[in-house]
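Novice: I'd like to ask some things about the structure below.
Number of protein chains: 2
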Amino acid sequence: MINSYFSETTKVMKSSLIRELVAATKNVPGLISFAGGFPSPATFPKDVLSKLYAEVVADEGKDVLQYGASEGDAQLKGELLKWEGYTNLTPDNLMTTVGATNAIYYLSRAVLNEGDVILCEAPTFLGSLVVFDALQADVQSIPMDNEGIDLNLLTEKVKQLRQAGKKIKVLYTIPDFQNPAGISMSLKRRHELLNYCLRENILVMEDNPYSRLRFSGEELPTLFRIANDEMQHPFLVTEIVSFSKILGPGMRVAFAKGNPELINKMVSWQQKVNITPDCVTQRVAAKYFAGGHMNPHIHLICEFYKPYLDKMLDCLNSEMPGFVQWTKPQGGIFLWLWLPEDLNADKLFFSAKDHLVTFIPGSKFYPEGQEKYNCMRLNFTYSSIEQIETGIKRLAQLLKSIYV
Amino acid sequence: MINSYFSETTKVMKSSLIRELVAATKNVPGLISFAGGFPSPATFPKDVLSKLYAEVVADEGKDVLQYGASEGDAQLKGELLKWEGYTNLTPDNLMTTVGATNAIYYLSRAVLNEGDVILCEAPTFLGSLVVFDALQADVQSIPMDNEGIDLNLLTEKVKQLRQAGKKIKVLYTIPDFQNPAGISMSLKRRHELLNYCLRENILVMEDNPYSRLRFSGEELPTLFRIANDEMQHPFLVTEIVSFSKILGPGMRVAFAKGNPELINKMVSWQQKVNITPDCVTQRVAAKYFAGGHMNPHIHLICEFYKPYLDKMLDCLNSEMPGFVQWTKPQGGIFLWLWLPEDLNADKLFFSAKDHLVTFIPGSKFYPEGQEKYNCMRLNFTYSSIEQIETGIKRLAQLLKSIYV
Chain B
1 MINSYFSETT KVMKSSLIRE LVAATKNVPG LISFAGGFPS PATFPKDVLS
51 KLYAEVVADE GKDVLQYGAS EGDAQLKGEL LKWEGYTNLT PDNLMTTVGA
101 TNAIYYLSRA VLNEGDVILC EAPTFLGSLV VFDALQADVQ SIPMDNEGID
151 LNLLTEKVKQ LRQAGKKIKV LYTIPDFQNP AGISMSLKRR HELLNYCLRE
201 NILVMEDNPY SRLRFSGEEL PTLFRIANDE MQHPFLVTEI VSFSKILGPG
251 MRVAFAKGNP ELINKMVSWQ QKVNITPDCV TQRVAAKYFA GGHMNPHIHL
301 ICEFYKPYLD KMLDCLNSEM PGFVQWTKPQ GGIFLWLWLP EDLNADKLFF
351 SAKDHLVTFI PGSKFYPEGQ EKYNCMRLNF TYSSIEQIET GIKRLAQLLK
401 SIYV
Chain G
1001 MINSYFSETT KVMKSSLIRE LVAATKNVPG LISFAGGFPS PATFPKDVLS
1051 KLYAEVVADE GKDVLQYGAS EGDAQLKGEL LKWEGYTNLT PDNLMTTVGA
1101 TNAIYYLSRA VLNEGDVILC EAPTFLGSLV VFDALQADVQ SIPMDNEGID
1151 LNLLTEKVKQ LRQAGKKIKV LYTIPDFQNP AGISMSLKRR HELLNYCLRE
1201 NILVMEDNPY SRLRFSGEEL PTLFRIANDE MQHPFLVTEI VSFSKILGPG
1251 MRVAFAKGNP ELINKMVSWQ QKVNITPDCV TQRVAAKYFA GGHMNPHIHL
1301 ICEFYKPYLD KMLDCLNSEM PGFVQWTKPQ GGIFLWLWLP EDLNADKLFF
1351 SAKDHLVTFI PGSKFYPEGQ EKYNCMRLNF TYSSIEQIET GIKRLAQLLK
1401 SIYV
């Protein structure tokens, strides 16, 4: 009966299918899970944070327990500007949000009408797909090669969509250690993509939860940095940076930066949706920067995660049959497996569960109707080294047993 | 140029006019402000909270710094259920949110299509008006008498709207110490309103930031409690409870309870908008309850605020000319002044600023096109006793000088 009261959007909206999958494998004893996107709790800097929370509430409680600014805590914004070192940006270019998904929501809400096209990589982050979908945008995904989004396919797709009279507003991309594919966009591709989007008047939404989690290889400039420093088109890109994999997702700290007029509209949505993110936690994050903790901590996390990634890559290399391929990231928290075309990872999910290993079937990371089924996502930051070894063995044995 | 990318909703959306007014009076030396809706920082329990934040992060950091459930922290939900003592409710009836505005947003998003009618009191909370407006709902306000929303006018309005083919989904009300009017709905009116809404199939959104802030007089049951305990229609009402005026708005802690199917849809929106509220702060709030701090603290706040309300009522009584009327609340944080019909508080705002006293003109608390101008809102929880005395004198002198 209550159903008759729901808005049309709410009636058709999907919830994250991952949650249901994760729930389906929740109470299986001995199951090794590569499914989640959770950082290791061992990386949370809880001792420093505990001290900072105590100090901030005791010393600045009158301020941080009061209503804060919708654009975010001024101290935190100041620290973020210093940290990233953009000399041409001011606090008006930046807002804090309740995690990165919140920024993705505000930006999408600020620009997308129902039916407007948002372009993304195929596969892409499921959390963003459900946001775009809830806003009834037309989500069009473009395959990647090992350098990132395929420019030829993108060009072709844009042409088709425009011929069909579609309004294309934004391209959503995760250039570094992409979720779910683990691919990092090459420097050349970054330049090509930005030049293309500039020419075609397509705004770029750069989702950056992982660029600081590089364990080896050379750092690449973000799209925002290239647009700002090299192209003199700073506002072609809106970059969203999350601290969920650095401080801990429970704190819900992220920020967005870009065109001040766009940021202003996103702030206006924040005023309506949350008023402001948690002011206590924002100030704690500010003090964490001010105390010089951030960069050494990021260095520690990268040192911490490297053996897990190395182990997973080693095990895949030694255990997997020749018909399986995978990405070889130098950081982040995921990698991606390609199976032969005629293997369906959605079906494999259930037999894998019986073999006490689990993952997310790749199909979940595509817009509806654009799915690939012969792929899966593996997380390497939440299991132990031993679990990675055993889990990859189980998965390899299963694949060998069903596909000859 | 960026404007051409904004969504239609974003182009037409208004920001909170209060912020602009408050900004206009920001750097006036000696100005006494009754404008804001801020609780007194002296009421924030910062010492207990400082200790709890430190303990929670140190002892439970692996849990609370990790991703939490979209429906809210299970410990906090458990404490909230115990605190309110509804024996028939389960955790599925309840979700936590990033402050009450966030719950208002989710509920509105879950039920309102563009053009659907939401009924509210006239005047009402501006923060809710901008949410309804941003969702392009048709907001229809109904005047109050001193017992709350006028049932005859409501009945008449509903009839008119239905004759015009309108879909009426929700009635939004703040029954206790209403913002901005300071009116509390009488027990009789509560019953009448609930029976009316049940008969007419109108969902009730009960916004409850203030019911626990009663300084004198007898406590009234919330609409949710009447619907649940007396009417056996528990889910006629969705109640939203805020801790912004109890713990401190910077913590952004609130919860909503009601029909589990509706709560489930609101959780689904939370998953897309914020994933989860701050998990550290939620657990701290849980421990605050578990430690038995909440009820004694509320008692202290009420004791603390009573002299401020008494002082403002005394000063109004002794200073104001006979043509001014005001509400006499027994709690909350606001009261409301009625001026003669031909006085416009929007204009008065500027001369008041020159007289070094400020308030929010009443017109800001009505949907567009439904404004009254001969009224103003006064807050009594943020100024000192001396400031209340001086400020009310200034306001009274101004009114006497311009209206004879």
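Protein sequences appear in the order of chains B and G. Counted from 1, the first sequence has number 312 at position 312 by my numbering; the numbering is strictly sequential. Counted from 1, the second sequence has number 1218 at position 218 by my numbering; the numbering is strictly sequential. Glycine included, every Cβ here is placed at the ideal spot set by N, Cα and C.
Does DSSP classify arginine 1252 of chain G as helix, strand or coil?
Specialist: Looking at arginine 1252 of chain G - three-state DSSP - the assignment turns out to be coil, as it is neither helix nor strand.
Novice: Could you name the residues of the region 1094 to 1116 of chain G whose beta carbon sits closer than 8 Å to any beta carbon of chain B, in the order they occur along the chain?
Specialist: Per Cβ criterion, the list reads Val1098, Gly1099, Thr1101, Asn1102, Tyr1105, Arg1109, Ala1110, Val1111, Leu1112, Asn1113, Asp1116.
Novice: Kindly indicate which residue of B/Gln178, B/Leu171, B/Ile402 has the alpha-carbon position closest to the one of proline 123 of chain B.
Specialist: The option with the nearest alpha carbon to proline 123 of chain B is B/Gln178.
Novice: Under 8 Å Cβ-Cβ, which residues of chain G neighbour leucine 65 of chain B?
Specialist: Going along chain G in sequence order, the residues near leucine 65 of chain B (Cβ under 8 Å) are Pro1041, Phe1044, Lys1046, Leu1049, Leu1247, Gly1248, Pro1249, Gly1250, Met1251.
Novice: Pull up the CB-CB distance for serine 141 of chain B and glutamine 370 of chain B, whole angstroms please, since I reckon it's below 8 Å.
Specialist: Indeed, because the Cβ distance is near 5 Å, the residues count as touching under 8 Å.
Novice: Grab the span of the alpha helix (DSSP H) containing methionine 266 of chain B for me, first residue to last.
Specialist: Looking at the DSSP string, the run of the alpha helix (DSSP H) that includes methionine 266 of chain B is 260 to 273.
Novice: Taking DSSP as the reference, what is the three-state secondary structure of phenylalanine 1334 of chain G?
Specialist: If DSSP states are grouped into helix, strand and coil, phenylalanine 1334 of chain G belongs with the strands.
Novice: Determine the direct distance from the alpha carbon of proline 1045 of chain G to that of histidine 1293 of chain G, and round the result to whole angstroms.
Specialist: Approximately 9 Å between the Cα atoms of the pair.
Novice: Do you know how far the Cα of arginine 225 of chain B is from the Cα of isoleucine 18 of chain B?
Specialist: Going from the Cα of isoleucine 18 of chain B to the Cα of arginine 225 of chain B covers about 33 Å.
Novice: Return the residue from the list B/Ile32, B/Asp207, B/Asp73 that minimises the CA-CA distance to leucine 356 of chain B.
Specialist: Ranking B/Ile32, B/Asp207, B/Asp73 by Cα distance to leucine 356 of chain B puts B/Ile32 first.
Novice: What is the DSSP secondary structure of isoleucine 168 of chain B, reduced to helix, strand or coil?
Specialist: Reduced to three states, the DSSP call for isoleucine 168 of chain B is strand.
Novice: Tell me whether leucine 1094 of chain G sits in a helix, a strand or coil according to DSSP, three-state version.
Specialist: Leucine 1094 of chain G: strand per DSSP, three-state reduction.
Novice: DSSP three-state label for glycine 1030 of chain G, please.
Specialist: It is coil, neither helix nor strand.
Novice: Helix, strand or coil for asparagine 1113 of chain G, going by three-state DSSP, please let me know.
Specialist: It is coil, neither helix nor strand.
Novice: Classify asparagine 93 of chain B: buried if its beta carbon has 16 or more other beta carbons within 10 angstroms, exposed otherwise.
Specialist: Classification for asparagine 93 of chain B: buried.
Novice: Within a Cβ cutoff of 7 Å, which residues of the same chain sit near lysine 167 of chain B, ignoring the five residues on either side of it in sequence?
Specialist: Cβ within range, chain order: Asp116, Val117.
Novice: Closer than 6 Å by C-beta to asparagine 102 of chain B: which residues in its own chain qualify, once you throw out the five before and the five after it? Chain order, please.
Specialist: Hits under 6 Å: none found.
Novice: Just the chain B side, please: which residues come within less than 7 Å of phenylalanine 1038 of chain G by C-beta, in chain order?
Specialist: The answer, in chain order, is Gln66, Tyr67.
Novice: Sorted by chain position, which residues of the same chain lie with C-beta nearer than 6 Å to glycine 1068 of chain G's C-beta, five sequence neighbours on each side aside?
Specialist: Answer for glycine 1068 of chain G: Thr1276, Cys1279, listed in chain order.
Novice: Just how far apart, CA to CA, sit methionine 1144 of chain G and leucine 1126 of chain G?
Specialist: So the alpha carbons of these two residues sit roughly 16 Å apart.
Novice: Measuring only the C-alpha atoms, how far is phenylalanine 243 of chain B from arginine 252 of chain B?
Specialist: Near 8 Å, if we compare the C-alpha coordinates of arginine 252 of chain B and phenylalanine 243 of chain B.
Novice: Using a Cβ-Cβ distance cut-off of 8 Å, determine whether lysine 1188 of chain G contacts chain B.
Specialist: So no, lysine 1188 of chain G is outside the interface.
Novice: I'd like the span of the beta strand (DSSP E) that includes glycine 1238 of chain G, first residue to last.
Specialist: Checking the sequence, you will find threonine at residue 1238 of chain G rather than glycine. Residues 1237 to 1242.
Novice: Sort out for me which residues DSSP pairs cysteine 197 of chain B with in a bridge.
Specialist: Answer by DSSP bridge pairing: none, since cysteine 197 of chain B is not bridged.
Novice: Please report whether the beta-carbon of leucine 203 of chain B lies at a distance below 8 Å from any beta-carbon of chain G.
Specialist: True, the Cβ-Cβ gap to chain G drops below 8 Å.
Novice: Can you find a C-beta in chain B that's less than 8 Å from the C-beta of glutamate 1071 of chain G?
Specialist: Not an interface residue.
Novice: Considering only residues of the same chain and omitting the five flanking positions on each side of methionine 320 of chain B, which have a CB-CB separation below 6 Å?
Specialist: Excluding residues within five positions, the ones whose Cβ falls inside 6 Å are Ala396.
Novice: Run the CB neighbour count on serine 444 of chain B, radius 10 Å, all protein chains shown included, and call it buried at 16 or more, exposed below.
Specialist: The displayed coordinates of chain B run from 1 to 404. Any statement about residue 444 of chain B would go beyond what the structure contains.
Novice: Output yes if chain G places a C-beta closer than 8 Å to the C-beta of lysine 195 of chain B; else output no.
Specialist: It is worth fixing the name first, because residue 195 of chain B is asparagine in this sequence and not lysine. Chain G, which has no Cβ nearer than 8 Å to the Cβ of asparagine 195 of chain B, makes this no.
Novice: For the pair the region 40 to 58 of chain B and the region 1041 to 1058 of chain G, tell me if three or more CB-CB distances fall below 8 Å.
Specialist: The region 40 to 58 of chain B is in contact with the region 1041 to 1058 of chain G.
Novice: Within 8 Å, do at least three Cβ pairs link the region 330 to 343 of chain B to the region 168 to 188 of chain B?
Specialist: Yes: at least three Cβ pairs fall under 8 Å.
Novice: So, helix, strand or coil for aspartate 310 of chain B, using DSSP?
Specialist: DSSP places aspartate 310 of chain B in helix when its eight states are reduced to three.
Novice: Evaluate glutamate 121 of chain B with the Cβ neighbour count: other Cβ atoms within 10 Å of its Cβ, from every protein chain shown; 16 or more gives buried, anything less gives exposed.
Specialist: Flag for glutamate 121 of chain B reads buried.
Novice: Can you check whether the C-beta of tyrosine 1305 of chain G is within less than 8 Å of a C-beta belonging to chain B?
Specialist: No - not a single Cβ of chain B is within 8 Å of the one on tyrosine 1305 of chain G.
Novice: How would you write the range of the beta strand (DSSP E) that leucine 378 of chain B sits in, first residue to last?
Specialist: Run containing leucine 378 of chain B: 375 to 379, per the beta strand (DSSP E) assignment.
Novice: Buried or exposed: where does arginine 189 of chain B fall if 16 or more other Cβ atoms within 10 Å of its Cβ makes it buried?
Specialist: Its Cβ being crowded by 16 or more others within 10 Å, arginine 189 of chain B is buried.
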